[in-house]
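Novice: I have a structure here, written as structure tokens, and I will follow up with some questions on it.
Numbering (this note's numbering), first residue to last: 142 to 483.
Written out as structure tokens, the structure is:
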């Protein structure tokens with residue numbers, strides 16, 4: 142993704158005399174230095190196409206307001222690891238704002254506009270993930286209630302700032318943020334896929350935290366839903382892994398326990414739900430790709446095996462299904478053509 146936010150500070154080659162120690166520089170990442178009378182800031186970011194990850198680290202000597210400009214609307218996962226007081230991003234000439242206290246997280250929608258960032262004196266360290274939701278929207282938002290509500294709110298007024306209720310940075314989240322520094326700011330080609338998995342994990346954590354804070358949870362039902370989301374995430378990957386063997390390790394429970402809980406609340410075995418997700422994905426892909434490509438994207442090494450599986454579940458071969466889709470499109474096109482007056 143292209144970096145689309147710009148903070149109006151004087152850019153310099155190096156900090157003249159650092160107020161305090163900053164975190165080490167990452168050789169593979171882009172690093173920008175900013176310095177003015179009462180502030181020093183280091184911006185680090187890495188572009189992974191579907192996601193731009195960034196870290197903003199600043200020392201502020203006096204309370205101040207920074208100017209922020211955005212080139213387009215974007216969705217940001219924001220983690221204020223350190224902040225002496227809430228970071229307030231406010232739309233200029235408006236009461237519309239979002240706020241993020243230290244040691245808390247939020248998911249925010251930031252439209253194309255000019256904003257002001259209100260900062261108190263102190264040390265700040267913020268991690269962010271600028272997310273291309275068009276790339277993973279269906280998988281990300283499926284079955285995640287607070288994100289569905291957030292998306293609906295955003296659609297009501299695309300010019301306003303929005304954010305989810307904040308949740309604390311505890312337990313699992315610091316480990317994921319540490320991985321940004323230790324893994325994802327060091328470029329490797331496999332990170333392109335791994336960063337998507339990390340986003341799913343962060344949203345999974347966010348949903349759990351949201352429900353712990355704002356809803357009464359049924360632990361078994363929540364476990365079943367998390368297992369379900371994990372399968373959805375797995376199938377959503379471009380080259381899916383059809384093996385469910387990793388689930389027990391991820392949840393620290395035996396396979397039989399996961400199967401039992403999932404069937405209790407959803408009436409399906411894990412394999413049945415996996416097959417349901419694969420068929421849904423296959424139908425979507427067959428409308429755009431050849432059968433062999435679809436088979437590969439769905440995790441099959443042999444087109445014939447995929448064809449047999451599809452026939453067993455749908456009652457027609459993949460090529461027959463593609464022809465079926467084509468016939469429907471042609472029929473709909475014919476219906477929209479003007480008919481001669483008799």
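A virtual CB, placed ideally from N, CA and C, is assigned to each residue, including glycine.
On a Cα-Cα basis, can you pick out the residue from 271, 328 and 406 that is closest to residue 218?
Specialist: As a position in the chain shown, residue 218 is number 77, starting the count at 1. It is 271.
Novice: Give the C-beta separation of residue 186 and residue 153 to the nearest angstrom, bearing in mind that I take them to be a contact with Cβ-Cβ under 8 Å.
Specialist: For this step, residue 186 is matched to residue 45 along the chain shown. For this step, residue 153 is matched to residue 12 along the chain shown. With a Cβ gap of about 17 Å, residue 186 and residue 153 do not count as contacting.
Novice: Go ahead and pull the three-state DSSP assignment for residue 188.
Specialist: As a working note, residue 188 is residue 47 in the chain shown. Strand, per DSSP.
Novice: Rank 263, 325, 147 and 172 by C-alpha distance to the C-alpha of residue 256 and give the top, closest one.
Specialist: Numbered from its first residue, the chain shown carries residue 256 at position 115. Answer by Cα proximity: 147.
Novice: Determine whether the beta carbon atoms of residue 304 and residue 249 lie at a separation below 8 Å.
Specialist: Mapped onto the chain shown, residue 304 falls at position 163. Mapped onto the chain shown, residue 249 falls at position 108. Going by C-beta atoms, residue 304 is nearer than 8 Å to residue 249.
Novice: Quick check on residue 240: does DSSP put it in helix, strand or coil?
Specialist: To locate residue 240, count along the chain shown from 1; it is residue 99. The answer is strand: DSSP assigns residue 240 an E or B state.
Novice: In the DSSP assignment, find the unbroken alpha helix (DSSP H) run with residue 261 in it and report its ends.
Specialist: As a working mapping, residue 261 is identified with position 120 in the chain shown. That residue, residue 261, is in no alpha helix (DSSP H); it is neither H nor E in DSSP.
Novice: With 16 other CB atoms within 10 Å as the buried threshold, where does residue 428 fall?
Specialist: Numbered from its first residue, the chain shown carries residue 428 at position 287. With fewer than 16 other Cβ atoms within 10 Å, it is exposed.
Novice: Can you look up residue 147 in the DSSP assignment and give me helix, strand or coil?
Specialist: Numbered from 1 along the chain shown, position 6 holds the residue referred to as residue 147. Strand, per DSSP.
Novice: State yes or no: is the C-beta of residue 189 within less than 8 Å of the C-beta of residue 342?
Specialist: Residue mapping note: residue 189 aligns to position 48 of the chain shown, counting from 1. Residue mapping note: residue 342 aligns to position 201 of the chain shown, counting from 1. The answer is no: Cβ separation not under 8 Å.
Novice: When the Cα of residue 426 is compared with those of 348, 394 and 462, which residue comes out closest?
Specialist: Locating residue 426 in the chain shown gives position 285, counting from the first residue. Selected option, being the one with the closest Cα: 462.
Novice: What are the partner residues of residue 196, as DSSP defines its beta bridges?
Specialist: Along the chain shown, one-based indexing puts residue 196 at 55. Per DSSP, 185 and 268.
Novice: Measure the beta-carbon distance from residue 326 to residue 449 and round it to whole angstroms, keeping in mind my assumption that it falls under 8 Å.
Specialist: Taking the first residue of the chain shown as 1, we reach residue 326 at position 185. Taking the first residue of the chain shown as 1, we reach residue 449 at position 308. Not a contact, Cβ separation roughly 44 Å.
Novice: In the DSSP output, which residue or residues are listed as bridge partners for residue 232?
Specialist: Reading the chain shown from its first residue, position 91 is the one you call residue 232. Paired residues: 256.
Novice: Output the residue ranges of the alpha helix (DSSP H) runs that lie fully inside the segment 333-421 and measure 4 residues or longer, sorted by chain position.
Specialist: 360-377, 388-392 and 396-407, all fully within the segment 333-421.
Novice: Does DSSP classify residue 177 as helix, strand or coil?
Specialist: Within the chain shown, the letter at position 36 stands for residue 177. Strand.
Novice: Taking the alpha-carbon positions, what's the residue 412 to residue 441 distance?
Specialist: On the chain shown, position 271 is the one that residue 412 refers to. On the chain shown, position 300 is the one that residue 441 refers to. Distance between the alpha carbons of residue 412 and residue 441 is about 15 Å.
Novice: Below 6 Å CB to CB, which residues in the same chain sit around residue 200 once its five sequence neighbours on both sides are set aside?
Specialist: Along the chain shown, one-based indexing puts residue 200 at 59. Result list for residue 200: 160, 161, 181 and 264, in chain order.
Novice: Report yes if the C-beta distance between residue 222 and residue 240 is below 8 Å; otherwise report no.
Specialist: Within the chain shown, the letter at position 81 stands for residue 222. Within the chain shown, the letter at position 99 stands for residue 240. The answer is no: Cβ separation not under 8 Å.
Novice: Take residue 261 as the anchor and find which of 251, 243 and 211 has the nearest alpha-carbon.
Specialist: Along the chain shown, read from residue 1 onward, the residue named residue 261 stands at position 120. Of 251, 243 and 211, the residue nearest in Cα terms is 243.
Novice: From 405, 371 and 377, pick the residue whose C-alpha is nearest to that of residue 389; which is it?
Specialist: What you label residue 389 is simply residue 248 of the chain shown in a count that begins at 1. That would be 371, whose Cα lies nearest to the Cα of residue 389.
Novice: Is it buried or exposed for residue 339, if we count other Cβ within 10 angstroms and need 16 for buried?
Specialist: Indexing the chain shown from 1 puts residue 339 at position 198. Residue 339 is buried by the Cβ-count criterion.
Novice: Suppose contacts are defined by Cβ-Cβ distances below 8 Å. Is residue 380 in contact with residue 438 by that definition?
Specialist: The sequence position of residue 380 within the chain shown is 239, counting from 1. The sequence position of residue 438 within the chain shown is 297, counting from 1. Closer than 8 Å, so yes.
Novice: Would you list the residues sitting across from residue 158 in a DSSP beta bridge?
Specialist: Working through the chain shown from its first residue, we reach residue 158 at position 17. In DSSP, residue 158 forms no bridge with anything.
Novice: Pick helix, strand or coil for residue 152, following the three-state DSSP scheme.
Specialist: One-based indexing of the chain shown puts residue 152 at position 11. Residue state, collapsed to three classes: strand.
Novice: With a threshold of 16 other CB atoms inside 10 Å of the CB of residue 460, please say whether the residue is buried or exposed.
Specialist: Within the chain shown, the letter at position 319 stands for residue 460. Exposed is the call here.
Novice: Closer than 7 Å: is that where the CB of residue 267 sits relative to any heavy atom of the ligand GDP?
Specialist: Within the structure as shown, the ligand GDP is missing, as the structure has no ligands at all.
Novice: Taking the alpha-carbon positions, what's the residue 422 to residue 406 distance?
Specialist: Taking the chain shown and counting its residues from 1, the one referred to as residue 422 is at position 281. Taking the chain shown and counting its residues from 1, the one referred to as residue 406 is at position 265. Answer to the nearest angstrom: the Cα atoms are 23 Å apart.
Novice: Counting only the same chain and skipping the five closest in sequence on each side, list residues whose C-beta sits under 6 Å from that of residue 197.
Specialist: Within the chain shown, the letter at position 56 stands for residue 197. Here the set comprises 184 and 267.
Novice: Distance, Cα to Cα, residue 369 vs residue 436?
Specialist: Residue 369 sits at position 228 when you count from the first residue of the chain shown. Residue 436 sits at position 295 when you count from the first residue of the chain shown. If you take the alpha carbons of residue 369 and residue 436, they lie about 22 Å apart.
Novice: Would you please state the rounded distance, in angstroms, between the beta carbons of residue 176 and residue 193? I believe it to be under 8 Å.
Specialist: Mapped onto the chain shown, residue 176 falls at position 35. Mapped onto the chain shown, residue 193 falls at position 52. With a Cβ gap of about 23 Å, residue 176 and residue 193 do not count as contacting.
Novice: Using a Cβ-Cβ cut-off of 8 Å (strictly less than) and excluding sequence neighbours within five positions of residue 203, which residues of its own chain qualify?
Specialist: As a first step, residue 203 is located in the chain shown; it is residue number 62 there, counting from the start. Hits under 8 Å: 179 and 262.
Novice: Look at the alpha carbon of residue 445 and the alpha carbon of residue 452, and state the distance between them as a whole number of angstroms.
Specialist: Residue mapping note: residue 445 aligns to position 304 of the chain shown, counting from 1. Residue mapping note: residue 452 aligns to position 311 of the chain shown, counting from 1. Those two C-alpha atoms are separated by around 10 Å.
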